[in-house]
Amino acid sequence: MSGVKKGPTAAARPRRDVLASLRMASMEDISRAALPAEIVSSILDFVGPVDLIRAARSCKLMHEMAYDDTRWVHKLKRIGCWDETDARKHAELVFGTVANMEVVEQQEEAELGDGPVPAITVGDDPSNDLKEISDGFDNIELVNTASQPDMLQDLQDDPVLSVLKQVRSIRGEARQEYGKVHAALAPFYEDIGRSGPSSENLVFMEYKDPQAQAQILAQLLMFSKSDMTQGWEERVDRLERTVSMFETAALKEFRQGYETDDIDGTMRKYAHILWTLNGGQAAVDLFIHHNHLMTRKSELGSVASCIDGSTGQVKMEQTQAFFTRLSVAFNDEISIMNRVFPPALDVTSTFMTKVGQDVLYPFLTAIFDELHRVSIESYLTAISATFVQCMNLSEALLPIRGSDTKFNEYLDNVVIKIYEPHLDLYLAEELDFFKKACESTVSEWDRHLSEQAASTESFLMSNVNRQADKRDFLTSFKKVIMMPVNILPSFSTTKSNEESKSDTETSSENPAQPSKSPNRFSTIPSLAPVVEEVPTTELAAKAAIMKSKMEGIRSLFSIEIALGLVHSAKSSLERAAQFVRLGGEFGHAAKQQCEAIFVTLLRILGQQHVIVGFDKAVSHLSNYRPREQGERDQSGVEPLVTFLELVNVGDLILQMMDVFYEQELIGMRLTDRNDFLDPANKEKKKFEQMLDERVAAGLNKGIDVLMEEVDYILATRQLATDFNPEVSSDPHRQTMDVGVSEVAIAVVDVVSSHTQMLVGSTDKSTLDVFNQEVGLRLFTALCKHLKRQRVSVEGSLKLISDMNHYFKYIQTLRNNELLLYFTAFRELVQIYLIDPGHAKELATVIADADRFHGIWRVEEVYEFAERRADWYHVKRDVERAMYGIGCNVM
172 MSGVKKGPTA AARPRRDVLA SLRMASMEDI SRAALPAEIV SSILDFVGPV DLIRAARSCK
232 LMHEMAYDDT RWVHKLKRIG CWDETDARKH AELVFGTVAN MEVVEQQEEA ELGDGPVPAI
292 TVGDDPSNDL KEISDGFDNI ELVNTASQPD MLQDLQDDPV LSVLKQVRSI RGEARQEYGK
352 VHAALAPFYE DIGRSGPSSE NLVFMEYKDP QAQAQILAQL LMFSKSDMTQ GWEERVDRLE
412 RTVSMFETAA LKEFRQGYET DDIDGTMRKY AHILWTLNGG QAAVDLFIHH NHLMTRKSEL
472 GSVASCIDGS TGQVKMEQTQ AFFTRLSVAF NDEISIMNRV FPPALDVTST FMTKVGQDVL
532 YPFLTAIFDE LHRVSIESYL TAISATFVQC MNLSEALLPI RGSDTKFNEY LDNVVIKIYE
592 PHLDLYLAEE LDFFKKACES TVSEWDRHLS EQAASTESFL MSNVNRQADK RDFLTSFKKV
652 IMMPVNILPS FSTTKSNEES KSDTETSSEN PAQPSKSPNR FSTIPSLAPV VEEVPTTELA
712 AKAAIMKSKM EGIRSLFSIE IALGLVHSAK SSLERAAQFV RLGGEFGHAA KQQCEAIFVT
772 LLRILGQQHV IVGFDKAVSH LSNYRPREQG ERDQSGVEPL VTFLELVNVG DLILQMMDVF
832 YEQELIGMRL TDRNDFLDPA NKEKKKFEQM LDERVAAGLN KGIDVLMEEV DYILATRQLA
892 TDFNPEVSSD PHRQTMDVGV SEVAIAVVDV VSSHTQMLVG STDKSTLDVF NQEVGLRLFT
952 ALCKHLKRQR VSVEGSLKLI SDMNHYFKYI QTLRNNELLL YFTAFRELVQ IYLIDPGHAK
1012 ELATVIADAD RFHGIWRVEE VYEFAERRAD WYHVKRDVER AMYGIGCNVM
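Position one of the sequence shown corresponds to residue 172 (this note's numbering), numbered consecutively onward.
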């Protein structure tokens, strides 16, 4: 070694220095290894405790290294006997939070010197006295300061059985504490390390009680962690084999006790022994593996008994019976576990996981697979219903002792693991099943309507001879015009007593005749119109077909179809919403699927049923011509009446969607109404917007039809003598009737009856726009009608009465802007009341533009004045007064 100094050789010449011989005899010149202290300290970590104490006696530096407190603290930590928190608390009690320098110096002097460590007393606690102790490896007397409640009474006083629990965490005394442990356990450990696993090991010879043997072996397993000397692997392996031998024997006794139903005796005893030995997991595994609930699971129920072979439906009462029997068997095993295993031993999670894997999962999976093959609807019902039954198990199961707070959590985890493999498929099938069912229902409705329309058209065209029509078209046309088409009577709200009586008699004579107002809420389209005589001409047949289409508007969509779809959506939502309670990823997926079901409902019900129905209704209204119709109910325009009924049905469906949205989605917290990006909210607003657009388009067409009907009434029922009685040829005519004409009454009745039908079914803004448009169009129609009449002074009284009647109706609409038009109209008709001899006054009225609120220009009022019956007598005077025609310039 380079650091070793060589001594003098025999051949070397002696030095002349007189002190040379003294230096040669110096101890510093003795050969020694100069290793760093860190390396020497690391080497000491692999030296056995006994050898380490011996090495400490070689020199002062070695003594410091061997007795270093951190070395022994490290060993205690490896064993698991050192608590840093307790050590810190003890140090604070001894030295205080601020170090007492006097005490610290005395402690250091005692540690560096050979004298004893002075005793330090804290308070009046005698247990804190630090007495002079040896190196910790002499024979010691151990005092048992802790006791196990489950230990036998005769072993409670043996200090070796609880030596690890007596270790105190005191800084500066770690070596002494470890020495006590070494003195108690080293003989047993070294014996097993020499001889290996055997029934003649010292531990089995010293202790005959299995509980004491388990305690010693458990402590030896912990003590072996501090063994770092040469050959430690072999010693630890022999100790583990010894423990395994003991564990196997204990498990054998434990199983025998289970098979012989010795629950409170053998089973309980060896469960506690195994728990003391290494935590008792082996006992738990054996108990669960050989558990009667697992081995006799076929007695709980069979898959075949839960499925109806003829219908493919799941028998929920049988699955419930399975869960009932399972809960009874489960509670029996829970009772055994509560009596056998220590409360600190976690048996709940393992046992419930095993029940889920070996009992529930195979049984339910077999049911789901079979139902998925046979009937998708039964499959969906079974998954949701059995999930609820699984979740309800917590009410019937007894909790395992010590796991009351986590029992429901364990059960939820088991259920999640059971349904996790099926959840994605189930949610996809749920949405697909609902979508197909809704599309099938709507398609069947459309098909039935198409077949009915085709059948009606075929029936009406069946007796048409087209060749005869070509030869005598004019005769055929006259017959169609003169002959009424006997279709179903139109919807009527007001009829005379005679008509009601006639209808009653007709109905009694012909009971097979359909009612006048078929149920608009029926899911079955109205029957084909019944005719008393089949049309024999093509033109008559086409008129009848158009009348049939007008009558069929009310059946273009049905509230019962909407109810059926809503019920289907409710069922699907209730099934899928059960899985929201799982939370996390699966709960979020279930919530999204619930929203997707609602979106699908709105799209199919809206775009494929309601919107399509409105489009057809608008198309039928566009093709309706009142003048081409035969005799009909005079109280209303049947196509418009049925369309307004359709609007009412659409409004009911919209309200139904609102209620469904609030109760099923908002009420169940499946969506947030304030989230404008939520798919359900977006689709609902889109549905409402589309419905409003179709209603508006239909009302626009409806106004056209209503005004055509008004024009038809004015053109066909207004007599020339109403406003010009002088032309009457009746010799018996006496006093002029100044009351409201029948035509004005009919027009107001028709218009008011149709506008009133919208009240309550549409929002106020739409209703106001509709009423204003109707009023303006009525004003225009009356203007045109007035320009076609001849009005005498005597007949102007009836015209004024009619205008007052129109004005009173407009007042009910509560629209001031519209009321201004009819106020001007009342002022206008005054020009017909002025006597012909007062032409200047007539000209003044005509020329007064402010009188008519700017509704008409003077030229337009002049055109109305031309409809006076005596106009050609007063024209010269009126024009002279207005324009100065015929005046001489002076």
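Note that CB positions come from ideal geometry on N, CA and C, so glycine has one too.
As assigned by DSSP and simplified to three states, the class of residue i
i     : result
R840  : coil
I1005 : coil
R1039 : strand
S478  : According to the sequence as given, residue 478 is Ile; it is not Ser. Reduced to three states, the DSSP call for I478 is strand.
V1073 : Any property of residue 1073 remains undetermined from this structure, which presents the chain solely from 172 to 1061.
V485  : strand
V244  : helix
V518  : coil
V218  : coil
V962  : strand
P207  : coil
H1024 : coil
A891  : coil
W616  : helix
M399  : coil
I884  : helix
N942  : helix
A873  : For the record, residue 873 in the displayed sequence is Gly; it is not Ala. Reduced to three states, the DSSP call for G873 is helix.
Beta-carbon contacts of residue i that lie in its chain and below 6 Å, excluding the five residues immediately before and after
i    : result
A761 : A747, F750, V751
T490 : C477, T557
D257 : S340
H353 : P220
H773 : The question names His, but residue 773 is Leu in the sequence shown. E854, F858, listed in sequence order.
Neighbourhood of residue i by C-beta, 8 Å cutoff - its chain only, sequence neighbours within 5 removed
i    : result
D362 : N372, L373, V374
N986 : D939, N942, Q943, G946
T521 : V455, D456, I459
C-beta atoms of residue i and residue j nearer than 9 Å
i     : j     : result
W243  : A355  : no
V818  : L870  : yes
V518  : I434  : no
T524  : K423  : no
A1020 : M1053 : no
F1023 : G946  : no
V586  : L753  : yes
L736  : I775  : yes
T612  : S739  : yes
L594  : F757  : yes
Y581  : C561  : no
Y349  : L391  : no
Y1003 : F894  : yes
S924  : T983  : no
A553  : V499  : no
A867  : V770  : no
R342  : D240  : yes
L551  : E610  : no
F950  : G821  : no
Close beta carbons around residue i, own chain, < 7 Å, minus the five adjacent residues each side
i     : result
Y1043 : none
F814  : I724, A788, L792, G869, G873
E998  : R1022, F1023
L957  : F1035, R1038
F217  : M399, T400
L535  : T557, I589
P1007 : D1041, H1044, V1045
Beta-carbon separation (whole angstroms), residue i vs residue j, contact threshold 8 Å
i    : j    : result
V331 : K351 : Between K351 and V331 the Cβ distance is about 10 Å, and since that is not below 8 Å, they are no contact.
L598 : Q764 : 4 Å
Y419 : L388 : Reading off the sequence, residue 419 comes out as Thr, not Tyr. The Cβ separation is near 13 Å, so there is no contact.
K969 : D908 : 7 Å
Q: Specify whether the stretch 238-256 and the stretch 392-409 touch according to this definition: at least 3 beta carbon pairs, one from each stretch, less than 8 Å apart.
A: Touching, yes, given that three or more Cβ pairs across the two stretches are closer than 8 Å.
(Q) With three or more C-beta pairs closer than 8 Å as the rule, is the stretch 960-977 touching the stretch 926-940? (A) Contact fails: fewer than three Cβ-Cβ distances are below 8 Å.
Q: Evaluate the contact criterion for the stretch 464-471 versus the stretch 497-511: three or more CB pairs, one atom per stretch, below 8 Å.
A: The answer is yes - the stretch 497-511 touches the stretch 464-471, with three or more Cβ pairs under 8 Å.
(Q) For the structure I just gave you, are there three or more beta carbon pairs, one from the stretch 441-450 and one from the stretch 507-515, closer than 8 Å? (A) Yes: at least three Cβ pairs fall under 8 Å.
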